[in-house]
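Comments concern the structure below.
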Amino acid sequence: MGTPKPFFLWRHLNKLRWLSLSIVFAMLVALPFMHVYQTFTAAHAYDLLAPSEKQLYDVMETLTAVFTEDPAEDLDAIKGNTWSGSFFGLQLSDPLAVAGQMAAGLKVYAPFLLTALIPVLFTLLLGRFFCGWICPATLLYELNTNVSTWLSRLGFKVGNRHFDRRLKYAVLGVGLLLSAATGSVLMAAIYPPAIVGRELYYAFALGGFGAGTLFFVGTLLFDTLVARRGFCRYVCPGGALYSLLGRYRLVRIRRIAESCNDCAKCNAVCEFGLDPLRDHFGQECNNCTACIAVCPTQAMTFVLRPTDIPEQGPGHLGKQYLRAHSEKGSIDAAP
Amino acid sequence: MQRRSALQRLIRGAALLAAASLPYGMARLTTPEARAQIRSPGRNNERNHIRPPGALKDDAAFVAACIGCGLCGEVCPPRCIRFHDRDGGGKANTPYINPEEKGCTLCNKCMVACPTEALVETPLNEIDMGIAQIDRAACYPWVDRGICGACVSVCPLGERAIGFEMWNQYRPVIKDGCVGCGLCVEVCPEPSLPIWIVDRAQGTVVKHKV
């Protein structure tokens with residue numbers, strides 16, 4: 001009896017999320033090396049390799065020998081990045097890639113459209129979960145947030161400006177219009193997960209970072225110096241598309257007002273600058289569960305409903321305060 | 336009064352549009368190629384670059400269809416597919432093959448891997464990346480500076496793509512079956528590369544003006 005308690009594992013989902021982000025990022029780092037190893041095995045020319053290439057070959061052989069006898073064929077099972085990739089024969093694409101390609105070519109190519117079906121269905125159910133759980137840039141951005149926090153503790157001035165969140169929907173719209181006008185998928189050049197995925201490939205397999213790295217470092221600087229997690233909050237066109245798709249998501253986080261003590265740690269920890277304390281999650285919550293993990297009174301839990309629950313007012317301490325305040329007209333009377 | 340508020344709304348909308356197109360402009364400016372274009376417009380350092388096999392013939396359609404995911408490059412066994420990774424504008428991150436570095440082995444993997452219609456699965460004899468062209472004023476056998484035949488021996492299509500001239504059995508001749516894979520360009524030992532890949536309409540022989 002009493003206040004409802006969240007399921008005890010949900011406090012630990014945040015660790016699972018970090019694990020998921022790390023695995024995706026580690027895969028994006030490993031895949032280029034695996035491809036280089038594949039090219040070496042396909043060429044059947046171990047003796048012609050340079051010493052460093054031989055080292056790479058030996059390491060990759062040791063790592064993959066457990067899984068495969070024929071690396072040149074079998075390692076094709078996982079290819080690509082989160083922008084578009086194939087996973088054991090299942091081709092998956094970012095919905096933004098599909099939207100951008102449709103805008104650029106002004107036509108629909110059904111096989112490519114279908115590759116975004118599974119991500120879109122998951123987004124309709126879970127909202128902007130890609131941003132919190134999969135995006136390879138999120139890992140770097142969240143680490144960057146931590147570094148910024150340390151820097152601010154050391155006395156550096158870290159930017160924490162706020163802009164209009166609706167800017168990113170404009171970025172999405174302008175991107176689609178520009179793509180249609182120029183006939184190329186322009187979003188690929190400013191969408192951080194696409195940039196990270198392919199720049200890692202360029203760097204490790206083709207021998208040099210491309211121009212996207214410079215842009216990505218720019219977004220990191222923007223996050224540190226101008227607005228905390230600013231690119232994801234205010235600019236990212238993919239985040240805008242995911243937000244729109246996840247507007248009526250079924251799985252969302254809610255606050256249990258009876259357990260809440262109004263400490264506002266959830267607001268402080270929220271990477272997207274939302275307001276869980278006042279039940280304002282909105283379409284931009286990415287279900288990252290950081291607020292569940294940080295809540296000291298277990299007042300955050302999941303709920304299955306297509307809209308946020310309406311504002312519940314202050315938590316139990318605040319309610320007691322208000323009650324005492326309104327009855328006796330004095331702050332001292334609060335228990 | 337009403338007119339002023341409409342004007343304000345217009346200005347606010349314009350500011351929003353400008354702010355929203357800012358990241359695209361920044362992405363354009365981060366590319367060294369774009370900065371070079373600003374410094375010396377009209378410069379084009381693209382030479383001997385061909386699209387991967389099965390690419391749409393219309394390059395504008397190809398650029399519109401390609402999303403720059405890099406899958407074609409990641410499955411390429413000889414790693415011949417490179418990307419316009421430092422070029423701005425439309426063709427940014429689209430794939431190309433530079434046969435001077437590495438030719439295509441016609442293994443089909445990139446066409447199968449491509450999630451979009453940019454690379455269409457094409458039977459071997461219908462692939463059209465271009466056609467090889469030989470400069471008969473520079474090729475060793477054609478100027479009687481020895482025998483070579485490297486291009487003929489490396490050609491994956493053999494007889495129907497390349498052969499020797501009838502009256503001098505050392506001089507290579509390109510035939511209509513050539514699909515432009517560029518392996519001949521890769522192996523050509525002559526430093527000035529008298530063989531390269533051109534658009535099919537340009538023919539197989541360099542026409543020198545005397």
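Residue numbers (our numbering), protein chains in the order written: chain A, 1 to 335; chain B, 336 to 545. Quick reminder that beta carbons are idealized off the backbone N, C-alpha and C, glycines included. Please read these numbers as outputs of a predicted model, since none were measured by experiment.
At a Cβ threshold of 8 Å, is residue 196 of chain A touching chain B? no
Indicate whether residue 256 of chain A and residue 279 of chain A have their beta-carbon atoms separated by less than 8 Å. no
What whole-angstrom Cβ distance do residue 448 of chain B and residue 401 of chain B have, given they're in contact under 8 Å? That belief does not hold up - the Cβ atoms of residue 448 of chain B and residue 401 of chain B are roughly 13 Å apart, past 8 Å.
Can you pull the chain A neighbours of residue 482 of chain B, defined as C-beta to C-beta under 7 Å? Here the premise fails: no neighbours, minimum Cβ distance about 26 Å.
Expressed to the nearest angstrom, what Euclidean distance is found between the alpha-carbon atoms of residue 251 of chain A and residue 311 of chain A? 18 Å
Spatial neighbours of residue 389 of chain B within its chain, please: CB distance less than 7 Å, with the 5 preceding and 5 following residues excluded, ordered by chain position. Leaving aside the five residues that flank residue 389 of chain B on each side, the residues in its chain whose CB is nearer than 7 Å to its CB run, in chain order, 446, 454, 455, 456, 457 and 462.
Does any residue of chain A have a CB that is nearer than 8 Å to the CB of residue 503 of chain B? no
Indicate whether the contact test is met: 3 or more Cβ pairs, each with one atom in the region 168 to 187 of chain A and one in the region 355 to 364 of chain B, closer than 8 Å. A contact is defined here as three or more CB-CB pairs under 8 Å, and the region 168 to 187 of chain A meets this definition with respect to the region 355 to 364 of chain B.
Anticipated Cβ contact below 8 Å, residue 83 of chain A with residue 404 of chain B, distance rounded: 5 Å
Counting pairs of Cβ atoms below 8 Å between the region 417 to 432 of chain B and the region 184 to 199 of chain A, do you hit three or more? Yes, the region 417 to 432 of chain B touches the region 184 to 199 of chain A.
Distance between beta carbons of residue 120 of chain A and residue 95 of chain A, contact taken as under 8 Å: 5 Å
So residue 33 of chain A contacts chain B; which residues on that side make the cut at Cβ distance below 9 Å? Here the premise fails: no neighbours, minimum Cβ distance about 12 Å.
Taking all protein chains shown into account, do 16 or more other C-beta atoms lie within 10 angstroms of the C-beta of residue 538 of chain B, making it buried, or fewer, making it exposed? exposed
At a cut of 8 Å, does the region 92 to 112 of chain A reach the region 201 to 221 of chain A through at least three beta carbon pairs? no
Under a CB-based cut-off of 8 Å, is residue 409 of chain B close to chain A? Yes - at least one Cβ of chain A is within 8 Å of the one on residue 409 of chain B.
Considering residue 83 of chain A, what are the terminal residues of the alpha helix (DSSP H) in which it resides? Neither: residue 83 of chain A is in no alpha helix (DSSP H) and is coded neither H nor E.
C-beta neighbour in chain A for residue 443 of chain B, strict 8 Å: So, not an interface residue.
For a quick check, are the C-beta atoms of residue 242 of chain A and residue 306 of chain A less than 8 Å apart? no
Assuming the contact rule is C-beta atoms closer than 8 Å, residue 145 of chain A and residue 233 of chain A should be a hit. Round their C-beta distance to whole Å, please. Contact between residue 145 of chain A and residue 233 of chain A does not hold, since the beta-carbon distance rounds to 11 Å and is not under 8 Å.
From B:366, B:437, B:501 and B:494, pick the residue whose C-alpha is nearest to that of residue 532 of chain B; which is it? B:437
For residue 11 of chain A versus residue 205 of chain A, is the C-beta distance shorter than 8 Å? no
For chain A, check one thing: does any of its Cβ atoms lie closer than 8 Å to the Cβ of residue 522 of chain B? no
If you draw a straight line from the C-alpha of residue 525 of chain B to the C-alpha of residue 475 of chain B, how long is it? 7 Å
Buried or exposed for residue 69 of chain A, going by 16 or more other Cβ atoms inside 10 Å? exposed
So with Cβ pairs under 8 Å, would you call residue 100 of chain A a contact of chain B? Interface criterion met: the Cβ of residue 100 of chain A is under 8 Å from a Cβ in chain B.
Quick check: is the beta carbon of residue 47 of chain A nearer than 8 Å to any beta carbon in chain B? no
Helix, strand or coil: how does DSSP classify residue 505 of chain B here? coil
Going by C-alpha to C-alpha distance, which of B:528, B:470, B:440 and B:506 sits closest to residue 490 of chain B? B:440
Pull up the distance between the alpha-carbon of residue 60 of chain A and that of residue 450 of chain B, whole angstroms please. 27 Å
Since residue 417 of chain B sits in a beta bridge, which residues does DSSP pair it with? B:431
So which residues on chain B does residue 52 of chain A lean against when the C-beta distance must stay under 8 Å? In chain order: nothing, as chain B lies at least about 16 Å away.
Straight-line gap, residue 132 of chain A to residue 289 of chain A (C-alpha atoms, nearest Å): 9 Å
Of the residues that make up the region 156 to 169 of chain A, which ones have a beta carbon closer than 9 Å to any beta carbon in chain B? 163, 164, 166, 167, 168 and 169
Taking 8 Å as the CB-CB cut-off, is residue 433 of chain B touching chain A? For residue 433 of chain B, no Cβ of chain A is located within less than 8 Å of the residue's own Cβ.
Just reading off the alpha helix (DSSP H) that residue 16 of chain A is part of, what are its end residues? 13 to 43
Less than 8 Å separating the beta-carbons of residue 86 of chain A and residue 116 of chain A? no
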